[in-house]
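Student:
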Amino acid sequence: MEGQRTLFLGTFVHCQNLDSLEYFHDTGVFVDEKGTIVAVKQRCNLTIAVETVMPELDSHIHASQYPNAGIFGKTTLLDWLNKYTFPLEASLADTDKAKKVYTRCIERTLSHGTTTAAYYATISVPSTNLLADLCLSFGQRAFIGRVCMDTDLQPDFYRDSSAESALADTKATIAHIASIDPTHSLICPIITPRFAPSCSSPLMHSLGALQKETNLPIQTHISENKNENELVKKLFPDAASYTDVYDSHGLLCPKTILAHAVHITEEEAALIKKRQAKISHCPASNSAITSGTAKVRWMLEKGLDVGLGTDMSGGYSASILEAARQALLVSRHVAMGGDDKAKLSIEEVLYLATRGGAKVVGLEDKIGGFEVGKEWDAQLIALGSVDNESKGDKGLVDIFGWESWEEKIAKWVFNGDDRTTSAVWVKGRLVVHERQ
């Protein structure tokens with residue numbers, strides 16, 4: 001569906017690279033009917049400056065777990081799955097319940113400025129297809145994964161009956177998405193083996209073959225938790241490493257998104273780099289269920305491509321801005337262990353949330369910044385202002401007027417939330433209307 005040609009005026013901010021932000025003041029951005037940026041003109045002599053900030057991408061989120069956001073108690077990964085996660089996901093075979101959950105999840109993530117999300121759904125084909133339908137209806141750019149899991153790690157009431165049925169159901173969701181968005185302009189299927197302990201070797205081999213046949217992306221988890229790593233060693237004794245399990249089954253490729261990677265080794269990092277697979281860093285989740293502190297600086301120095309994920313509901317928030325905050329804070333905890341260079345900057349965590357995330361999901365040529373030729377995915381940020389009588393407007397972030405632009409953005413990163421996101425566009429379409 002094509003819209004109308006639009007001219008956006010104001011100040012535009014995006015990541016120029018990993019180390020720096022680029023500011024376009026007094027600028028007009030021209031967007032065509034297809035939602036593509038066709039021109040950027042500076043020095044427009046504007047009398048009012050409105051801040052439009054880059055899009056945010058969630059490279060790892062479980063839509064099916066949204067009702068459990070913030071519920072994890074004192075659990076760690078494996079017992080958290082059984083106590084909270086599997087029962088909730090199984091219940092979404094009820095499509096009425098699934099619609100309620102998925103609708104609110106999409107509304108919530110969009111309200112936080114998440115223009116693109118890599119979603120895990122459930123094993124249910126109807127409810128997974130429903131998630132795809134809803135994302136298309138709301139206008140959110142999304143990767144939709146029907147979760148594959150056929151081992152007895154899962155309870156009897158929530159697992160695939162066989163590798164063959166898991167493959168058939170995955171193909172059913174792929175076919176459904178092809179029927180609603182044939183060119184994958186917004187919605188793309190993503191092959192989703194939950195993680196190695198959940199999947200038999202025949203299932204992983206079949207999904208690897210499916211990737212080669214379709215060239216679709218893959219998403220899974222890796223090395224999130226030390227107990228998980230020990231389980232992988234027990235289940236796959238002939239594998240050189242957790243990463244090798246995926247590689248030996250044809251699941252490690254340039255289109256693979258590996259969530260967490262908290263405890264990967266030097267050898268695993270080298271293999272991930274060789275295969276050009278990508279990493280989704282999920283700091284809020286890693287802290288919440290005590291999985292560990294991922295060494296993001298180390299990953300970047302190894303040349304790995306890294307984006308950010310909320311990993312809701314292991315993560316407690318649907319906000320990628322919160323993930324950026326936590327990435328910055330977790331990097332300081334790594335630094336307190338003796339490696340001061342591990343600290344990430346504001347610019348770096350925003351890069352991970354935007355251009356880094358775009359590269360992780362394979363859309364770096366389409367989204368992530370405001371260059372001509374990119375699609376118009378953006379969020380409008382409303383920062384507060386304090387007048388001479390110390391009275392503030394309704395904005396959440398108090399701006400006194402003497403701050404530099406770098407300081408304004410830093411205050412937004414640490415103090416902003418969905419209330420500072422006034423409007424959101426995806427591919428030129430206004431999907432969150434301007435809020436006062």
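No gaps in the numbering here: position 159 of the sequence shown is 159 in the UniProt record's numbering, and each next residue is one more.
All residues carry an ideal CB built from backbone N, CA and C; glycine is no exception.
Helix or strand or just coil, what does DSSP make of H112?
Tutor: Looking at H112 - three-state DSSP - the assignment turns out to be coil, as it is neither helix nor strand.
Student: Give the DSSP-derived three-state secondary structure of K41 in the structure shown.
Tutor: Strand.
Student: Following the continuous alpha helix (DSSP H) through A288, name the residue where it begins and the one where it ends.
Tutor: 283–288 is the extent of the alpha helix (DSSP H) around A288.
Student: Here's a check: name, in chain order, each residue in its chain whose Cβ is nearer than 6 Å to the Cβ of H205, leaving out the five neighbours to either side.
Tutor: Excluding positions up to five away in sequence, the list reads H249.
Student: Grab me the residues of G28's own chain with a C-beta within less than 6 Å of its C-beta, minus the 5 sequence neighbours each way, in chain order.
Tutor: Cβ neighbours of G28 beyond the five flanking positions: L7, L9, K41, C44.
Student: Grouping DSSP H, G and I as helix and E and B as strand, with all else coil, what is L131?
Tutor: Residue state, collapsed to three classes: helix.
Student: Taking the alpha helix (DSSP H) that F86 falls in, what are its first and last residues?
Tutor: Start and end: 86–91.
Student: On a Cα-Cα basis, can you pick out the residue from H60, N68, E164, C135 that is closest to A261?
Tutor: Among H60, N68, E164, C135, the Cα nearest to that of A261 belongs to H60.
Student: Report all residues from its chain with a CB closer than 6 Å to the CB of R108; omit the five preceding and five following residues, and keep chain order.
Tutor: Excluding sequence neighbours, R108 sits near A318.
Student: From the DSSP output, in three-state form, read off T12 for me.
Tutor: The residue you asked about is not Thr; residue 12 is Phe in the sequence shown. Reduced to three states, the DSSP call for F12 is strand.
Student: Beta carbon of K427, beta carbon of G35: below 8 Å?
Tutor: Their beta carbons are under 8 Å apart, which means K427 touches G35 by this criterion.
Student: Need the endpoints of the alpha helix (DSSP H) that residue 442 sits in, please.
Tutor: The chain is shown from 1 up to 436; residue 442 falls before or after that span and cannot be answered.
Student: Write down the C-beta distance between K255 and I218 rounded to the nearest angstrom, noting that I regard them as a contact closer than 8 Å.
Tutor: Indeed, because the Cβ distance is near 6 Å, the residues count as touching under 8 Å.
Student: Going by CA-CA distance only, name the one from R297, V306, S285 that's closest to Q326.
Tutor: Considering only alpha carbons, the answer is S285.
Student: Work out the CA separation of N229 and L78 for me, nearest whole Å.
Tutor: Going from the Cα of L78 to the Cα of N229 covers about 11 Å.
Student: Would you kindly work out how many angstroms separate the C-alpha atoms of T95 and L363, rounded to a whole number?
Tutor: Distance between the alpha carbons of T95 and L363 is about 30 Å.
Student: For the pair the region 410–421 and the region 377–384, tell me if three or more CB-CB distances fall below 8 Å.
Tutor: Counting Cβ pairs under 8 Å, three or more are found: they touch.
Student: Locate the alpha helix (DSSP H) running through A166, then write down its first and last residues.
Tutor: Where A166 is concerned, the enclosing alpha helix (DSSP H) stretches over 163–180.
Student: Would you please verify whether the beta carbon of L304 is less than 8 Å from any beta carbon of chain B?
Tutor: Any reference to chain B falls outside this structure, which holds one protein chain only.
Student: Measuring CA to CA, which of L88, S201, Y66 is closest to E164?
Tutor: Of the listed residues, the one whose Cα sits closest to E164 is S201.
Student: Ends of the beta strand (DSSP E) at G356?
Tutor: Counting along the chain, G356 falls outside any beta strand (DSSP E), though it belongs to the alpha helix (DSSP H) covering 355–360.
Student: Determine, using beta-carbon pairs with one atom in the region 120–135 and one in the region 88–102, whether at least three such pairs fall under 8 Å.
Tutor: The region 120–135, when compared against the region 88–102, does touch it at the 8 Å Cβ threshold.
Student: Can you tell me where the beta strand (DSSP E) holding A239 begins and where it ends?
Tutor: Element bounds for A239: n/a, residue is neither H nor E.
Student: For V38, which of V296, D398, W376 has the nearest alpha-carbon?
Tutor: Nearest of V296, D398, W376 to V38, Cα basis: W376.
Student: Looking at C-alpha atoms only, which residue of D339, Y316, Q65 is the closest neighbour of P87?
Tutor: The candidate whose alpha carbon is nearest that of P87 is Q65.
Student: Throw me the rounded Cβ distance for the V424 and G3 pair, which I believe falls under 8 Å.
Tutor: About 14 Å; that fails the 8 Å criterion.
Student: Only counting the same chain, and skipping five residues up and downstream in sequence, which positions put a Cβ closer than 6 Å to that of G139?
Tutor: V426, R429, V431, listed in sequence order.
Student: On the three-state DSSP scale, how would you describe P189?
Tutor: P189: strand per DSSP, three-state reduction.
Student: Report the residue from V397, I187, A121 whose alpha carbon sits nearest the alpha carbon of L216.
Tutor: Cα-wise, what sits closest to L216 is I187.
Student: Out of S331, M336, G338, which one is the CA nearest neighbour of S345?
Tutor: Minimum Cα distance to S345 is reached at S331.
Student: Tell me where the beta strand (DSSP E) around Q276 begins and ends.
Tutor: Where Q276 is concerned, there is no enclosing beta strand (DSSP E), given that its DSSP letter is neither H nor E.
Student: Taking 8 Å as the threshold, find out whether the region 269–279 comes into contact with the region 293–313 through three or more Cβ pairs.
Tutor: Verdict: yes, contact present.
Student: Quick check on the DSSP output: the beta strand (DSSP E) that includes F414 runs from which residue to which?
Tutor: It is not in any beta strand (DSSP E) - F414 instead sits in the alpha helix (DSSP H) that spans 405–415.
Student: Can you tell me the Cβ-Cβ gap for T115 and P55, rounded? I've got them flagged as a contact below 8 Å.
Tutor: Right, their Cβ atoms sit about 4 Å apart.
Student: Could you work out which residue in S179, A178, S111, S198 is closest to I123 when comparing CA atoms only?
Tutor: Ranking S179, A178, S111, S198 by Cα distance to I123 puts S198 first.
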